[in-house]
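In our numbering, the protein residues as written are 117 to 755.
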């Protein structure tokens, strides 16, 4: 088959054409998950290191441990980052890069704490890795925040690779201080990168490629692996509980992992399958998420400032009011401690000199102290409205997930694990705790603080003492590009730049339209290491060779995915993404065994092939089989 890519122009009808035809017979296509036992995770030698990286939208955490570590206490969180001596919260390094080519005040590219406030920088690049993870029109642009931007000549992957390259140097410097350079050069290192549970396959692939380009792998014994953030957090929170004399969990318990991050909240529900010899979990339903994070509180605050002070505020540059500025740093620190029930101050102060305030403000305003150049917020009257829309959004997600759990019939939720950057807010903890109490659910905060639960849990996962999540729920549909009979009364408005009408001689010269999708794996079905799904397809092609000659032309088959509840029928939907293409040949096929027809003096063949999707722990393999023999494949597609 010659498959049309999304940017190719359609050829003429007379061009010798082959295409995929979705089989019309009921029952011919099938999806059959094959259960498989997850292999025992290899326990590294005593000389190996486990390094976890929780690359976040605003901040990044790093933790590491020797492979003989046995508990959370043996895991160290990296805090020695370049430039962090001038910062108060040093165990997380800002996820920001600035380039000398864009800033005359820089003599070299800088990252993390080394990026001064007010210069042109790349922040929030993690959001740009996944096209489905953010809106193109980021609201920060209109409110004076750093927009989600990429320098000319670079991609989001390039920027992430540059950031991870700086992070790699910091990690290796720390390792060399603790172990010596000679030991580091020979010690196998396993890097575990955590990823949002809702990330697409392409986003995972791009992150791993960026990590590779950043130089994380420096020797053959090193490796890079990916781990969903909720699984890492669940392990960090629950495994210490299992070591307590009185274990409150039991097989059959339902738990929710609530990841409250910088810009989004992701929620995943699990059922406890077993406690011994290790924690075994199973996903109950497809997770949910929304743009409810710490960043939204900042945006609400900036909206309030704009409403109160107008151009006196908006005219100030990013070095005064942008991320990393004194003004925003003071605000963020105050918000993490905001707790209305125990508020010690009625007025919060954030230093900001505004030169163009209206004269009627001076000496009169309850919102600004012109003697000390301080912005004033009344607590809790002014602060609570900044939080409430965000917290209410998180609670709506929790209500949605608990409702789906009830529909699944797995019993009531017994625990909620709260983690992530936004979980450090006392107000968020209070509101989520109140919701849990009303639902009869117990709230768990990881032992070392929610903001480090993911990175520490990832280290423990790499150590082999982690929980095993079997029966994950597939978070998107996967399907194969096919063709169907063309009906002008229905299909005449098709996108001719991505689809084409072709003549199928096998079907008596009936016209077919490409760009349909036969969905092979449905969103929400259980998947695990070794699960397989297959679709039987028919390849119809015109045989232009002499009898006995082999068909050597390369053909393509495309795998698509879609995260929507109900997937569309065609590739024209914006929710459909091209995951992978397989190029293959049927040149070794014995044509004497292939059915053929002669139509209008043309010889047409119909070849039965199978498209197979096989899942592993964090990736899938896409294969094409003909007569039980593999004729094309694509490995390491991250889902």
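For every residue, glycine included, the Cβ atom is placed at its ideal position computed from N, Cα and C. Since the structure is predicted, the reported quantities are computational estimates derived from the model, not experimental observations.
What does a CB cutoff of less than 7 angstroms around residue i pick up in its chain, not counting 5 residues either side in sequence?
| i | result |
| --- | --- |
| residue 728 | 648, 650, 739, 741 |
| residue 404 | 383, 513, 516, 517 |
| residue 724 | 652, 654 |
| residue 494 | 462, 463 |
Would you call the CB atoms of residue i and residue j closer than 7 angstroms?
| i | j | result |
| --- | --- | --- |
| residue 674 | residue 597 | yes |
| residue 711 | residue 719 | no |
| residue 174 | residue 378 | yes |
| residue 652 | residue 709 | no |
| residue 166 | residue 579 | yes |
| residue 536 | residue 375 | yes |
| residue 445 | residue 408 | no |
| residue 513 | residue 532 | no |
| residue 683 | residue 635 | yes |
| residue 411 | residue 576 | no |
| residue 310 | residue 570 | yes |
| residue 467 | residue 490 | yes |
| residue 348 | residue 573 | yes |
| residue 308 | residue 246 | no |
| residue 354 | residue 395 | yes |
Could you give the distance in angstroms between the alpha-carbon of residue i and the alpha-carbon of residue j?
| i | j | result |
| --- | --- | --- |
| residue 220 | residue 238 | 16 angstroms |
| residue 182 | residue 414 | 38 angstroms |
| residue 279 | residue 172 | 12 angstroms |
| residue 300 | residue 367 | 42 angstroms |
| residue 618 | residue 241 | 42 angstroms |
| residue 194 | residue 180 | 8 angstroms |
| residue 717 | residue 737 | 40 angstroms |
| residue 702 | residue 656 | 12 angstroms |
| residue 615 | residue 631 | 5 angstroms |
| residue 296 | residue 424 | 56 angstroms |
| residue 658 | residue 714 | 10 angstroms |
| residue 486 | residue 267 | 39 angstroms |
| residue 534 | residue 289 | 32 angstroms |
| residue 257 | residue 628 | Interpretation of residue 257 is limited by its pLDDT of 38, a score under 50 that renders its predicted location unreliable; no figure is taken from the coordinates. |
| residue 523 | residue 640 | 14 angstroms |
| residue 138 | residue 599 | Confidence at residue 138 is low in this model, with a pLDDT of 44, below 50, so its placement is unreliable and the value that follows should be read with caution. In a straight line, the C-alpha of residue 138 is about 6 angstroms away from that of residue 599. |
| residue 552 | residue 607 | 51 angstroms |
| residue 70 | residue 365 | Since the first and last residues shown for the chain are 117 and 755, residue 70 lies out of range. |
| residue 509 | residue 541 | 15 angstroms |
| residue 319 | residue 284 | 20 angstroms |
| residue 327 | residue 333 | 8 angstroms |
| residue 229 | residue 546 | 31 angstroms |
In the DSSP assignment, the beta strand (DSSP E) including residue i goes from what residue to what residue?
| i | result |
| --- | --- |
| residue 386 | 381 to 390 |
| residue 309 | 305 to 311 |
| residue 375 | 370 to 376 |
| residue 595 | 593 to 601 |
| residue 674 | 671 to 678 |
| residue 530 | 529 to 535 |
| residue 224 | Careful: residue 224 lies outside any beta strand (DSSP E) and carries neither H nor E. |
Where do the N-terminal and C-terminal ends of the alpha helix (DSSP H) with residue i fall, by residue?
| i | result |
| --- | --- |
| residue 320 | 317 to 329 |
| residue 692 | It is not in any alpha helix (DSSP H) - residue 692 carries neither H nor E in the DSSP assignment. |
| residue 456 | Neither: residue 456 is in no alpha helix (DSSP H) and is coded neither H nor E. |
| residue 612 | Element bounds for residue 612: n/a, residue is neither H nor E. |
| residue 175 | Segment 175 to 182 is the beta strand (DSSP E) holding residue 175; no alpha helix (DSSP H) there. |
Output needed for residue i: all residues of its chain with C-beta closer than 6 angstroms, excluding positions within five of it in sequence on either side, in chain order.
| i | result |
| --- | --- |
| residue 304 | 164, 337 |
| residue 214 | 226, 231, 235, 237 |
| residue 387 | 370, 398, 400, 526 |
So what's residue i in DSSP terms, helix, strand or just coil?
| i | result |
| --- | --- |
| residue 419 | helix |
| residue 235 | coil |
| residue 243 | helix |
| residue 411 | helix |
| residue 498 | coil |
| residue 509 | helix |
| residue 295 | helix |
| residue 555 | helix |
| residue 208 | coil |
| residue 274 | helix |
| residue 546 | helix |
| residue 255 | Summary for residue 255: the model assigns pLDDT 38, below 50, so the residue's position carries little reliability, and this model does not support an answer. |
| residue 641 | coil |
| residue 287 | helix |
| residue 427 | helix |
| residue 484 | strand |
| residue 217 | helix |
| residue 446 | helix |
Once you ignore the five residues that flank residue i on each side, which residues in its own chain have a CB closer than 8 angstroms to its CB?
| i | result |
| --- | --- |
| residue 441 | 233, 234, 434, 435 |
| residue 191 | 179, 180, 181, 185, 572, 575, 576 |
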